[in-house]
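Residue numbers (full-length UniProt numbering), protein chains in the order written: chain Y, 1 to 268; chain U, 1 to 275; chain Z, 1 to 431; chain R, 1 to 311; chain W, 1 to 222. So the structure is just underneath, and the comments pick up after that.
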Amino acid sequence: MGNVVQRRTRGALRRCPFEVCGNMAGLELLSDQGYRLDGRKATELRKVQARMGVFAQADGSAYLEQGNTKALAVVYGPHEMRGSRSRTRHDQAVINCQYSMATFSTAERKRRPHGDRKSTEMSLHLKQTFEAAVMTQLYPRSQIDIYVKILQSDGGNYSVCVNAATLAVIDAGIPMRDYVCACTVGFVDETPLADLCYAEESGGVSSLALALLPRGGQIALLQMDARLHQDHLEALIEAAMTACKGVSKVLDEVVRQHLQEVSVLTGE
Amino acid sequence: MAAGFKTAEPLEYHRSFLKENCRPDGRELSEFRTTTLNIGSISTADGSALVKVGNTTVICGIKAELTNPTVEAPGKGYIVPNVDLPPLCSSRFRPGPPSEQAQAASQFVADVIESSEVIQTEDLCIERGKLCWVLYCDLMCLDYDGNLLDACTIALLAALKNTKLPEVTISTETPEVNLAKTRGLHIHKHPVSASFCVFDDSILIVDPTAEEESLKTAQLTVVTDEEDRLCTVHKPGGTSLSGEKLQECISRATARQREIQKLIDKVTRSVKTAQ
Amino acid sequence: MKDTPLANCERDFLLKAIEEKKRLDGRQTYDYRKMKITFGTDYGCCFVELGKTRVMAQVSCELVAPKESRPNEGIMFFNIELSPMASPTFEQGRQSELSVKLNRQLERCLRNSKCIDTESLCVVSGEKVWQIRVDVHMLNHDGNLMDAASIAAITALCHFRRPDVGIQGDEVTVYSPEERDPIPLSIYHMPISVSFSFFQQGTYLLVDPCEREERVMDGLLMIAMNKHREICSIQSSGGIMLLKEQVMRCSKIASVKVSEITELISKALENDKKARKAGGRCGFAESMPQERITALKMDETPVEMTEVTDRANDIVQKAEAPSQTVPSPVVPVPGVGQVGQGLQNTWGLEEEDEEEENDNSGEDEEVKETKMEVEQHDKEGSKQEDVVEISDSEEEEVVILHPETPDKAPKHTGPSFHQKGAAASKKKQKK
Amino acid sequence: MPRNSGIILSSRCVSGGDIERRTSSHAAVWFITFPCAMPTDNKRVRGPEVSQSPSLFLCEPAGALPSHGPRADGRQRDQVDVRPVFVRCGLVSQAKGSAYIEAGNTKLMCCVYGPRETERKDETDMKCGRLTTDMRFAPFSCPERGSWIQGSQDKDLSLMLHESLQPAVCLHKYPRSQIEVNVMVLENSGSVLAHAVTCASLALADAGIEMYDLVLGCSIRQDGTSYVVDPTYTEENRCSSVSSENQGGLTVAFLPSLNQISGLQSDGEMAEETLTAGVRTCIEGCYKLYPVIQQALAKAVRKAAPPPSES
Amino acid sequence: SRDELVCGSSNVSLREFGCEQSLLSRPDGSASFVQGDTSVLAGVYGPAEVKVSKEIYDRATLEVLIQPKVGLPSVRERSQEQCVRETCEASLLLTLHPRSSLTLVLQVLHDDGSLLSCFLNAACMALMDAGLPMSCLFCGVTCAIDADGQIITDPTAAQEKESRALMTFAIDSKECRVMMSSTKGSFSVHELQQCIAVSQKASEKIFQFYRDSVKRRYSKTL
């Protein structure tokens with residue numbers, strides 16, 4: 001039966017989740033009154049909660065919740081190159097990212113926490129985002145590892161990962177050009193919806209993920225799925241940028257809060 | 001002294017023997033190594049055979065399972081031969097997925113089965129379009145000292161002859177297996193292979209050892225059946241051979257076929273009489 | 001194989017040229033290279049040449065069981081194969097970063113945009129649907145693989161015909177093209193990817209970068225669009241920082257390029273259809289250029305058959321007939337047989353049997369076997385053991401623990417390696 | 001424990017659960033098909049996507065084993081009654097050392113290669129050699145056909161084998177090199193790990209690798225109040241009593257002349273005193289095996305270097 | 001007897017064939033070879049740096065990769081790769097490039113019978129295009145024996161399916177002997193020898209084609 005995951009104890013191959021996803025097509029994503037499925041307004045973000053420095057061993061770590069999507073990010077480095085030395089860059093640090101999803105993070109149990117095409121791509125995207133944001137030229141010939149794990153998935157996995165990783169990188173004390181904030185926006189009934197949840201994402205909305213360095217309005221990553229007419233693009237990007245700026249405010253608060261706590265502890 | 005010569009100049013070492021029409025292990029050029037056959041030694045398999053050609057040892061275990069036939073061939077079963085060269089059999093093989101040599105050997109065995117029609121896949125059909133047998137023929141090398149293909153074909157043939165399938169009856173749409181009643185397979189042909197190596201572009205030797213194989217310039221395997229028809233003439237490249245030379249090989253292969261068929265028959269009979 | 005690194009001066013030269021709005025092949029900033037679309041002999045095979053970049057796409061189909069979550073939909077499978085032919089840096093069967101990037105982008109571009117009616121691919125709901133497989137082979141890598149791959153894939157999908165099926169009861173028959181005309185896929189729209197490369201922190205922008213340009217670029221923005229100006233996917237890659245205005249400008253350029261390319265694809269499909277209708281030969285052989293000195297063609301040629309039979313007969317007759325004497329194999333115990341007089345092997349599971357033979361014939365043979373039986377002492381369970389060796393010669397070494405206990409274990413039904421047990425005990429009695 | 005029934009059954013589910021098959025009325029055999037995106041093994045000749053062992057369709061299913069009286073092969077319960085063992089060294093011409101062991105129907109082969117240069121430079125240890133173990137089952141070795149691809153069970157067993165052998169090998173004598181131990185199970189008729197340990201230590205000795213002592217393996221199966229030594233495959237995988245108390249298996253790797261245990265592996269649920277008694281029983285079993293192994297080794301040595309008086 | 005039938009048979013011909021060299025920019029040598037509708041694209045890289053694990057101290061390491069049109073290469077392709085590789089190894093002078101690597105990639109463009117022989121022909125043309133030193137040239141010829149015992153050279157896919165036996169030979173240009181042989185189905189010794197003889201005859205035509213195309217290329221006139 002092919003090479004199923006060989007390094008893990010195998011269970012039955014066929015099984016069904018208790019709750020099979022219903023068809024979302026019938027649901028109305030935006031009511032006439034302008035409210036969404038979870039009661040938010042179109043431009044409203046989900047509640048963001050975060051903590052920095054959750055692990056003692058890591059150089060930097062953070063836990064972030066955005067609505068029901070929960071992610072954990074850990075940063076190691078900058079340190080000497082590990083693994084193949086051929087990747088060493090003499091003028092900048094190499095960023096190594098790994099994205100994984102806990103097997104229990106989705107409604108249907110995930111078979112491969114990482115290593116399939118989708119999560120490899122996600123790792124690539126994270127890498128790309130942080131290559132743009134981290135001042136890698138300060139650490140030539142070294143490596144920075146960023147590991148992100150989704151503990152619960154409820155839409156906007158990429159954005160939550162980026163936000164969590166940003167906090168972890170800051171916690172590690174690695175200089176960045178700016179906060180990188182990411183947000184997923186969708187487009188329904190000529191209205192852009194900010195910070196999509198899973199029900200909205202899977203409901204056939206054209207969604208756009210954007211990572212922004214808010215101060216300069218620079219886009220570190222832009223990705224869009226599904227169809228959207230060209231004329232609406234600008235509005236959607238605009239909405240995404242606004243949402244990202246909103247996220248950045250929250251992140252900034254978290255960082256300040258954390259710093260205060262730390263300085264109290266160190267007695268300054 | 002001789003050992004040093006052999007290690008430093010293996011080719012010269014072999015040449016000095018071939019000049020005298022003999023080989024380092026004392027064989028003549030057209031002589032096979034002792035071939036030993038043991039059948040039915042694995043009780044968990046439906047058919048099994050262990051073959052030793054000199055030091056080269058190959059074990060073949062056949063497992064029969066039930067499956068659905070394909071839509072394209074509803075009246076046919078499957079034969080799935082696979083050759084494995086585990087790191088156990090020689091230091092030249094590494095663990096991991098099958099090497100190119102193992103894959104080529106698997107394909108060779110599959111080709112021999114198909115070309116010779118040793119078993120007609122129609123015989124494996126239980127109910128047309130519904131149920132058929134699949135014979136997993138797993139060949140494993142336990143000691144690699146050259147001439148893998150010959151050992152594989154003998155092991156396969158002997159194991160197939162040794163295979164017993166339980167009776168299957170289909171009652172109320174589900175198959176019922178009766179282990180008490182078994183039947184053997186109908187072996188239509190007895191394909192036996194003979195392998196040759198070409199040394200220095202001209203000298204033909206039979207049944208090469210691993211060392212001889214590493215020094216060869218070409219290799220040739222001829223498979224013949226009891227009616228003297230050729231099933232496979234497999235020469236994967238190497239230096240060229242004339243039609244005349246090929247004919248020599250075919251004659252030797254025919255003699256070998258008789259020898260091995262007699263061996264298999266006698267051993268199979270000995271098991272039957274013992275029971 | 002490692003890639004040859006780009007020399008610093010080459011890099012500087014390329015960047016300088018881009019700064020001066022010049023490209024190596026003389027193109028303008030927003031120009032595509034020359035594009036050529038040809039088709040193979042069978043349906044669903046498309047070759048795309050984009051400058052020197054060459055890509056082949058082949059569509060195939062197969063009846064499979066549908067996914068449990070979508071019982072009424074066919075399955076689309078895309079695979080971009082980075083064949084080592086295209087570039088020495090590509091390795092066979094390895095999931096490189098580039099291959100993941102390209103594959104995901106193609107999936108997004110063609111599957112997520114729902115350009116193909118997958119519901120029409122359902123044959124029996126929940127049991128049998130068509131799986132459409134698109135294999136894209138990179139043949140020559142000279143930059144902008146994504147655009148070439150997306151054009152090849154969508155064109156091949158448009159060109160493809162699947163066999164017709166008939167359903168009677170629960171039996172599904174697949175008709176051959178002779179019985180019933182194959183059916184084209186129903187395609188809603190044609191998404192085409194357009195790549196933009198950015199240089200010098202996004203200051204400069206080029207359309208359709210070639211391989212050299214790709215090596216000095218900072219990042220890439222891929223926009224997939226159809227001719228209705230609907231964006232099907234956007235993906236930025238590489239560590240670049242874009243401004244919103246740049247994205248908007250790119251999307252405008254993309255819409256122009258996409259309509260041009262769609263035009264070209266339709267024309268190519270039209271031409272091929274005409275050629276096929278006219279019954280003319282089509283396919284790879286026809287697309288081979290005749291006017292090049294590197295190409296040559298030869299018409300069908302007969303092979304002279306003189307002397308062939310004679311030669312064959314000659315060889316067969318001259319050959320020595322195989323010897324008719326067949327050596328008789330030795331079968332010492334049931335299930336074991338041996339033939340040949342060559343050297344002895346070291347792996348000797350059955351050698352005690354052989355040894356027996358040797359005893360009879362009086363040959364002096366080195367024996368290298370040990371046969372041992374561990375037997376439980378009588379039921380009293382006394383734990384003492386004494387090893388008794390009952391061999392008087394050096395050659396024969398048979399050790400049996402507690403020889404007074406009769407052979408209890410080797411009562412095997414069916415043959416096994418254990419028949420040696422029987423052989424050994426026989427020998428013991430002989431003594 | 002070697003291939004316990006839980007794992008075998010779940011790997012069977014690969015070819016479709018038989019419960020579903022038996023309840024379905026409209027099709028002769030009801031197979032589950034998977035989405036085709038599943039990676040397939042393209043380095044082997046491929047058979048049908050799924051197939052089932054005929055043993056799933058038996059007319060009369062095999063009954064439970066009796067928990068008292070003599071065992072199926074005539075051996076005694078609750079006694080250190082090991083199967084007759086057939087051992088031989090140096091069968092594989094290509095290996096540095098090799099051994100073959102046959103206990104009842106369990107047939108195992110082990111080859112030792114090395115000491116040789118480590119394969120991966122970054123794993124080279126300057127002070128100590130590396131011992132690698134690889135244990136595999138031939139696809140036809142078990143009543144149910146196994147896959148060619150090594151499963152997690154095989155890797156688990158390899159690791160246990162490694163842990164049992166390592167304390168016995170003088171690895172410090174082989175700096176910067178690796179010693180490879182490959183075990184192939186040709187037929188699995190129970191107690192595979194125990195015999196693999198014995199076989200591997202014999203092969204290591206045959207290869208002339210310096211060791212503190214031989215390592216012998218023995219296993220028992222506790223079944224309620226009674227136990228069986230050197231259990232067969234069926235005894236391992238079928239329990240007779242319903243209660244889950246004192247059900248389990250135990251394998252001990254033992255250095256006989258040093259009187260030390262180098263590996264101990266148990267599964268199932270056993271009371272403390274049962275377990276200690278079990279360990280004692282296993283050690284006893286090892287001592288039964290010891291003279292046989294010694295003899296085989298002595299024979300191999302005599303063959304390799306015959307004493308001058310003989311020549 | 002059956003053997004007499006062969007002479008004067010109209011089936012004994014080669015389909016029209018064509019070749020284009022140097023058609024790809026990246027490889028060091030490339031060629032496409034067309035036999036009827038069967039076509040194969042070949043690309044050669046090397047001599048180049050070799051991986052340490054594959055290094056051979058006294059000659060170049062040749063790697064042959066066959067890419068099927070649909071799906072991934074399987075065991076059958078591995079076996080064909082072995083045949084092509086060992087044929088190339090015998091004709092290439094690999095000892096002139098020790099410790100280096102040669103890679104030959106063969107891509108199926110369309111399979112309409114005689115695929116293995118087309119692989120061999122494309123490989124030879126690509127090796128020539130790459131300018132690698134060779135001791136001799138080689139070509140591939142496929143013969144089929146149909147149900148009536150007639151020999152068909154260069155069969156199409158339909159003819160292959162109908163045939164009772166199928167043989168592919170690689171013939172060298174020096175002595176016209178058999179370098180490679182791969183067969184399917186069962187056949188008599190007579191049939192084998194006849195097919196070899198036919199292949200040798202057919203190889204003359206193909207070698208003449210090789211010569212013509214090289215002549216055309218270096219004469220620089222159309």
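Glycine included, C-beta positions come from ideal geometry on N, C-alpha and C. Here the structure is a predicted model, which is why all the values come from computation and not from measurement.
### Task
Check distances from the C-beta atoms of the segment 255 to 275 of chain R to those of chain W and list, in chain order, the residues that come in under 7 Å.
Listed by position along the chain: nothing, the set is empty.
### Message
Can you check which of these residues, Z/Ile-231, Z/Gly-239 and Z/Ser-237, is closest to Y/Leu-236 by C-alpha distance?
### Response
By one-based count along the first sequence, residue 236 of chain Y stands at place 236. Of the listed residues, the one whose Cα sits closest to Y/Leu-236 is Z/Ile-231.
### Euclidean distance between Cα positions of W/Thr-103 and Z/Ser-96
As a first step, residue 103 of chain W is located in the fifth sequence; it is residue number 103 there, counting from the start. As a first step, residue 96 of chain Z is located in the third sequence; it is residue number 96 there, counting from the start. Between the C-alpha atoms of W/Thr-103 and Z/Ser-96 there is a straight-line separation of about 19 Å.
### Query
Between Z/Val-316 and W/Gln-193, is the Cβ-Cβ spacing less than 7 Å?
To locate residue 316 of chain Z, count along the third sequence from 1; it is residue 316. To locate residue 193 of chain W, count along the fifth sequence from 1; it is residue 193. Taking 7 Å as the Cβ cut-off, Z/Val-316 and W/Gln-193 qualify as a contacting pair.
### Span separating the alpha-carbon of W/Val-52 from that of R/Gly-190
Here residue 52 of chain W refers to the residue found at position 52 of the fifth sequence. Here residue 190 of chain R refers to the residue found at position 190 of the fourth sequence. W/Val-52 and R/Gly-190 have their C-alpha atoms spaced approximately 43 Å apart.
### Message
Which of the three DSSP states is assigned to W/Leu-132 in this structure?
### Response
Residue mapping note: residue 132 of chain W aligns to position 132 of the fifth sequence, counting from 1. If DSSP states are grouped into helix, strand and coil, W/Leu-132 belongs with coil.
### Message
I want to see whether chain Z comes within less than 7 Å of U/Gly-47, judged by CB atoms only; does it?
### Response
By 1-based counting over the second sequence, the position of residue 47 of chain U is 47. Not one beta carbon of chain Z lies nearer than 7 Å to the beta carbon of U/Gly-47.
#### Entry: Whether Y/Ile-150 touches Y/Met-101 by CB criterion (7 Å)
What you label residue 150 of chain Y is simply residue 150 of the first sequence in a count that begins at 1. What you label residue 101 of chain Y is simply residue 101 of the first sequence in a count that begins at 1. Contact: yes.
### Query
Could you check where the alpha helix (DSSP H) with Z/Asp-147 kicks off and where it finishes?
As a working mapping, residue 147 of chain Z is identified with position 147 in the third sequence. Here the alpha helix (DSSP H) through Z/Asp-147 covers 145 to 159.
### CA-to-CA distance, W/Ser-135 to Z/Ile-293, given in whole angstroms
To locate residue 293 of chain Z, count along the third sequence from 1; it is residue 293. To locate residue 135 of chain W, count along the fifth sequence from 1; it is residue 135. The alpha-carbon atoms of Z/Ile-293 and W/Ser-135 are separated by roughly 25 Å.
### Task
Say whether the segment 71 to 78 of chain Z touches the segment 132 to 142 of chain Z, bearing in mind that this needs 3 or more beta-carbon pairs closer than 8 Å, one atom from each stretch.
Because the criterion of three Cβ pairs below 8 Å is met, the segment 71 to 78 of chain Z and the segment 132 to 142 of chain Z touch.
### Query
For Z/Gly-238, which option in Y/Met-81, Y/Arg-177, Y/Gln-57 and Y/Ala-220 has the closest C-alpha, if you only look at C-alpha atoms?
As a position in the third sequence, residue 238 of chain Z is number 238, starting the count at 1. Restricting attention to Y/Met-81, Y/Arg-177, Y/Gln-57 and Y/Ala-220, the CA atom closest to the CA of Z/Gly-238 is found in Y/Ala-220.
### Query
Looking at chain Y, which residues of the segment 240 to 263 of chain Z have a Cβ within less than 7 Å of any of its Cβ atoms?
Those residues of the segment 240 to 263 of chain Z that come within reach of chain Y (Cβ to Cβ, closer than 7 Å) are Ile-240, Met-241, Leu-242, Leu-243, Lys-244, Val-247, Met-248, Ser-251 and Ser-255.
### Message
Less than 7 Å between CB atoms is the rule here; does W/Asp-3 satisfy it with respect to chain U?
### Response
Taking the fifth sequence and counting its residues from 1, one reaches residue 3 of chain W at position 3. In this prediction, W/Asp-3 scores a pLDDT of 41, lower than 50, which makes its location untrustworthy; no coordinate-derived value is stated.
### Query
Taking a cut of 7 Å between CB atoms, which residues from the segment 291 to 315 of chain Z lie near chain U?
Hits within the stretch, in order: Ile-315.
### Query
Around the C-beta of Y/Pro-214, are 16 or more other C-beta atoms found within 10 angstroms, so that it is buried, or is it exposed?
Locating residue 214 of chain Y in the first sequence gives position 214, counting from the first residue. Burial call: buried.
### Query
With 7 Å set as the bound, which would you pick, yes or no: does the beta-carbon of Z/Gln-338 sit closer than that to a beta-carbon of chain U?
If you number the third sequence from 1, residue 338 of chain Z lands on position 338. Z/Gln-338 counts as touching chain U.
### Message
Am I right that U/Ala-158 and U/Val-51 are in contact with their C-beta atoms under 8 Å? What's the rounded C-beta distance?
### Response
Looking up residue 158 of chain U in the second sequence gives position 158. Looking up residue 51 of chain U in the second sequence gives position 51. Sure, about 7 Å apart at Cβ, within 8 Å.
### Query
If you draw a straight line from the C-alpha of U/Lys-266 to the C-alpha of U/Ile-42, how long is it?
Taking the first residue of the second sequence as position 1, residue 266 of chain U is located at position 266. Taking the first residue of the second sequence as position 1, residue 42 of chain U is located at position 42. Approximately 19 Å between the Cα atoms of the pair.
#### Entry: Selected residue, minimal CA-CA separation from Z/Lys-114, among Y/Gly-204, Y/Gly-60 and Y/Arg-141
If you number the third sequence from 1, residue 114 of chain Z lands on position 114. Of the candidates Y/Gly-204, Y/Gly-60 and Y/Arg-141, the one whose C-alpha sits nearest the C-alpha of Z/Lys-114 is Y/Gly-204.
### Query
Can you tell me whether DSSP reads Z/Glu-394 as helix, strand or coil?
Against the third sequence, residue 394 of chain Z aligns to sequence position 394. Confidence at Z/Glu-394 is low in this model, with a pLDDT of 36, below 50, so the placement of that residue should be treated as unreliable; the coordinate-derived value is given next. In the three-state DSSP reduction, Z/Glu-394 falls in the coil class, being neither helix nor strand.
### Query
Using the C-alpha atoms, what's the distance from R/Glu-180 back to U/Thr-70?
Against the second sequence, residue 70 of chain U aligns to sequence position 70. Against the fourth sequence, residue 180 of chain R aligns to sequence position 180. When only Cα atoms are considered, U/Thr-70 and R/Glu-180 end up about 43 Å apart.
### Message
Our contact map puts Y/Gln-152 next to Y/Ala-93 with C-beta atoms below 8 Å; I'd like the distance itself, whole angstroms only.
### Response
Position 152 of the first sequence, counted from the first residue, corresponds to residue 152 of chain Y. Position 93 of the first sequence, counted from the first residue, corresponds to residue 93 of chain Y. Actually they are not in contact, since the Cβ atoms of Y/Gln-152 and Y/Ala-93 sit about 31 Å apart, beyond 8 Å.
### Query
If you measure from the beta carbon of Z/Ser-83 to each beta carbon in chain W, is any gap under 7 Å?
By one-based count along the third sequence, residue 83 of chain Z stands at place 83. Cβ-Cβ to chain W under 7 Å: yes for Z/Ser-83.
### Task
Taking only beta-carbon positions, decide if Z/Pro-329 is within less than 7 Å of chain U.
For the purposes of this step, residue 329 of chain Z is taken as residue 329 along the third sequence, with counting starting at 1. So, interface residue.
### Query
Between U/Leu-66 and R/Ser-266, which are expected to be in contact by the criterion C-beta below 8 Å, what is the C-beta distance as a whole number of angstroms?
As a working note, residue 66 of chain U is residue 66 in the second sequence. As a working note, residue 266 of chain R is residue 266 in the fourth sequence. Actually they do not touch by this definition, with Cβ atoms about 37 Å apart.
### Query
Where Z/Leu-121 and Z/Ala-65 are concerned, what is the direct C-alpha to C-alpha distance, given to the nearest angstrom?
Stepping through the third sequence from its first residue, residue 121 of chain Z is reached at position 121. Stepping through the third sequence from its first residue, residue 65 of chain Z is reached at position 65. In this structure, the alpha-carbon of Z/Leu-121 lies about 12 Å from that of Z/Ala-65.
### Message
Taking the alpha-carbon of W/Arg-85 as reference, which of W/Leu-41, W/His-97 and W/Ile-66 has the nearest alpha-carbon?
### Response
Here residue 85 of chain W corresponds to residue number 85 of the fifth sequence, with the count starting at 1. Taking W/Arg-85 as reference, the option from W/Leu-41, W/His-97 and W/Ile-66 with the minimal CA-CA separation is W/Ile-66.
### Query
Secondary structure at Z/Met-217, three-state DSSP: helix, strand or coil?
Counting from one through the third sequence, the residue named residue 217 of chain Z turns up at place 217. In this structure, Z/Met-217 counts as coil in the three-state DSSP scheme.
### Query
Taking C-alpha atoms, which residue in U/Ala-180, U/Asp-150 and U/Thr-182 lies nearest to U/Thr-57?
As a working mapping, residue 57 of chain U is identified with position 57 in the second sequence. Of U/Ala-180, U/Asp-150 and U/Thr-182, the residue nearest in Cα terms is U/Asp-150.
### Task
Compute the beta-carbon to beta-carbon distance between Z/Val-258 and Z/Val-194, rounded to the nearest angstrom, for a pair I have assumed lies under 8 Å.
Here residue 258 of chain Z is taken as the residue at index 258 of the third sequence, counted from 1. Here residue 194 of chain Z is taken as the residue at index 194 of the third sequence, counted from 1. Between Z/Val-258 and Z/Val-194 the beta-carbon gap is near 6 Å, inside 8 Å, which marks them as a contact.
### Message
So, at 6 Å on beta carbons, what are the nonlocal neighbours of R/Lys-173 in its own chain, with the 5 sequence-adjacent residues on each side left out?
### Response
As a working mapping, residue 173 of chain R is identified with position 173 in the fourth sequence. Cβ within range, chain order: Glu-210.
#### Entry: Sequence ranges, alpha helix (DSSP H) only - wholly within the UniProt domain "Exoribonuclease phosphorolytic" (14 to 133) of chain W, length at least 4
The UniProt domain "Exoribonuclease phosphorolytic" (14 to 133) of chain W contains these whole alpha helix (DSSP H) runs: 75 to 91 and 115 to 129.
### Cβ neighbour criterion (16 or more within 10 Å) applied to U/Ser-16
Within the second sequence, the letter at position 16 stands for residue 16 of chain U. Label assigned to U/Ser-16: exposed.
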